[in-house]
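The listed protein sequences derive, respectively, from chains A and B.
Under the UniProt record's numbering, the first residue of the first sequence carries the number 1, and numbering increases by one thereafter.
Under the UniProt record's numbering, the first residue of the second sequence carries the number 1, and numbering increases by one thereafter.
Cβ coordinates follow ideal geometry from the N, Cα and C atoms, glycine included.
Since we're looking at a predicted model, the values are computed, not measured.
The structure under discussion appears below in the form of C-alpha cells.
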Amino acid sequence: MPPKPAPTAAAPSSAVQTLWKAYNEQTSDRLKFIDAFLVFLMFSGIVQFAYCVLVTTFPYNAFLSGFGSTVGQFVLSASLRSQVNPENKNEFKEVSPERAFADFALGSIVLHFFVFNFLG
Amino acid sequence: MLFSLLLLTAATAQASVLTLNAPRVTTYNANGEGIRTELLKLTEKPRVPLAVGPTESLKVTFQVVEEGSDPIKGVQPLQTFLRFYDPETDEEGIQPLRTTPAGKSKFELNMAKPPMSIPPTTNSSVLQVTLIVGAPNHSPLKIDLFDLTLPESHPPTQHPDEASFHLLPTIEHTFRAPQKLPPRPISALFAGLTLAPWAILIGLWSQVFPGAPHLFSPSIFPFTATLGAFEVLLVWYWVELKLGQVLLYGGILGVATLFTGKTALASIGARRVGRK
C-alpha cells in the first residue's frame, strides 16, 4: 500500500509525524526488528567514534575493530533488510528470505572472525 | 783464483774512503746578509746550535772528495741525504741533495718556504743534522754536521674528516612515551554510553519482537546452536586459541552448520510457502 501523499502546506514536523506514522503502520514487525538492530548499531558506532575523537584512540586496534564491526554489521543487516522486505520482491526474485538469512549469517561469521582477530 | 781477485777488489774498494772538502754552513737574515758562518769539522759539531729565525735562511755547501787524494779528487756519490732528527720527539726528515760530477753540493733552507722534509718542531727542539753519502766503490759516509734550532712549526691543519675519527656519542634510543589510559570517570562514562545502545536495542525489540514460535523446534534449534557455537569459538579465539586451532574447529563447525542451516532454512522455507 503506497504511502499517503503529505499535504503540501504542512509544516516539516508534520511531515516527520506522517512519515513516522506511515512507518509504524505499514512496516512489519520483522522489518522493525531489523531496524531496531540497525539503530542499535548506529548508536554504538557513533559512541565509539565520539570516544575516539574526544578522549583517545588508544588502543587503536580495539577502536578499529569495534567501529569496523558496527559498520560491517550495519551493512550486512541493511542488506538483509532490503532482501527480506516484501516491497523489494521484484528486485530480488531469485533470493529467498532464507537464502538472504544464510548470506547474512555467513557474512556475519566472517566479519566477526576478522573483528576478533584484530581485537588484540 | 777468481774469488781471491774479488776479495782483493772488495778490499781495495773498502779502502776508498770519502770525506768532505770545505763543508760550510751560513745563516742569512731576510735581506740576505750573513749572520753566522761555521766551517764544519768532520769530527766535532759546533758547540752552539745554529739558529734560523722565521724570516731567515740557511745554506750548507760541501764537496765530496776521496780521502787522501792529491790533488783533491771530487766524487759524485750515488746518494746524498741530509737527515734532520729531533731526539726529543723522535721525528725525522730526509732531504735528498743533488751533487755535481765534481762532488759539489749545496742545500738551502729558507724558513719562509721550508721544505717538506723538515720534521715538525717545537720551541725547545734541537734538530740533529746528519749528512749521509753513499757511492759505489766507496765506504758509506755518515757525518754529524751541526745542530739546528728552528721556529716552532705550525700545527697541522685539521683534516675535513677529522671529526669522523673520534668516538661518537653513544646512541640513545628515545621511545615514545607509553599511551595513557583516560581518567577513570571518563572511562566509566564512555563505558556506560557504549552500553547504552544495548538498552535501546532491548527496549525496541521488546516492542517489535515478531515472535519465534519454532525457535526450539528440532529442525531449527541445531542451526541457532551452531551459529551460537561459532560466536563462542570466536570469543574463545580472542581469549586463548591460536589461529590454526580456530581454522580447524571453525572448519568442522562450518560443515555442521552447513547441514543444520540447510535443514533449518528448508523447513522455514517450506513453512513459509505452505503458509502462503
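Beta-carbon proximity of residue i to residue j, cut-off 7 Å
i	j	result
residue 282/B	S117/B	Shown here, chain B extends from 1 to 276; a query on residue 282/B therefore has no answer.
V126/B	D144/B	no
A270/B	I220/B	no
F104/A	L80/A	yes
T194/B	V47/A	yes
F116/A	W238/B	yes
G34/B	T43/B	no
Y85/B	S57/B	no
residue 277/B	P87/B	The requested residue 277/B does not occur in the structure, where chain B is confined to residues 1 to 276.
T61/B	Q76/B	no
P96/B	F107/B	no
L18/B	H138/B	yes
V48/B	M111/B	no
A229/B	L248/B	no
Of the listed residues the options, nearest to residue i (C-alpha basis)
i	options	result
R131/B	Q207/B, Q79/B, A51/B and P178/B	The sequence shown places Leu at residue 131/B, not Arg. Of the candidates Q207/B, Q79/B, A51/B and P178/B, the one whose C-alpha sits nearest the C-alpha of L131/B is Q79/B.
S267/B	F165/B, F223/B, P169/B and L204/B	F223/B
S108/A	K89/A, S69/A and G120/A	S69/A
S44/A	L241/B, W198/B, L248/B and A225/B	W198/B
T157/B	P120/B, D90/B, V255/B and L42/B	P120/B
G211/B	F58/A, V39/A and R30/A	R30/A
P59/A	E231/B, E240/B and P178/B	P178/B
A22/B	T55/B, G103/B, V52/B and T89/B	G103/B
residue 127/A	K242/B, E172/B and P182/B	Because chain A spans 1 through 120 in this model, residue 127/A falls outside it and cannot be assessed.
T149/B	P213/B, E240/B, L109/B and I72/B	L109/B
E91/B	K113/B, S153/B and G244/B	S153/B
Between the CA atoms of residue j and residue i - distance to the nearest angstrom
i	j	result
L20/B	L50/B	20 Å
L41/A	A22/A	23 Å
H166/B	P160/B	13 Å
N88/A	F74/A	19 Å
E66/B	S105/B	15 Å
S96/A	Q26/A	21 Å
V255/B	E94/A	25 Å
S187/B	A102/A	38 Å
A100/A	N85/A	11 Å
Q83/A	F92/A	6 Å
A62/A	V110/A	18 Å
Q63/B	G74/B	7 Å
T260/B	R272/B	18 Å
V208/B	T18/A	20 Å
P136/B	P155/B	41 Å
Residue environment, residue i, which counts as buried when at least 16 other CB atoms sit within 10 Å
i	result
A202/B	The sequence given here places Ile at residue 202/B; Ala does not occur at that position. Flag for I202/B reads exposed.
D70/B	exposed
S65/A	buried
E98/A	buried
R34/A	What sits at residue 34/A in the sequence shown is Ile, not Arg. Buried, since its Cβ has 16 or more Cβ neighbours within 10 Å.
G32/B	exposed
A36/A	buried
S206/B	exposed
S77/A	buried
T122/B	exposed
T226/B	buried
G250/B	buried
R83/B	buried
F175/B	exposed
Contacts of residue i in chain E (Cβ-Cβ under 8 Å)
i	result
I186/B	Although the question refers to chain E, the structure presented lacks it and instead comprises the protein chains A and B.
In the stretch 37 to 59 of chain A, which residues sit with their C-beta less than 7 Å from some C-beta in chain B, listed in chain order?
Within the stretch 37 to 59 of chain A, the residues whose Cβ lies closer than 7 Å to some Cβ of chain B are F37, V39, F40, F43, S44, V47, Q48, Y51, V55, T56 and F58, listed in chain order.
Residues of the stretch 89 to 113 of chain A whose Cβ lies closer than 8 Å to any Cβ of chain B, in chain order
S96, P97, E98, R99, F101, A102, A105, I109, H112 and F113
Interface residues of the stretch 20 to 34 of chain A facing chain B [CB-CB below 7 Å]
D29, R30, K32 and F33
Taking only beta carbons into account, state which residues of the stretch 60 to 82 of chain A come closer than 8 Å to chain B, listed in chain order.
Taking 8 Å as the upper bound on Cβ-Cβ separation, chain B lies near no residue of the stretch 60 to 82 of chain A.
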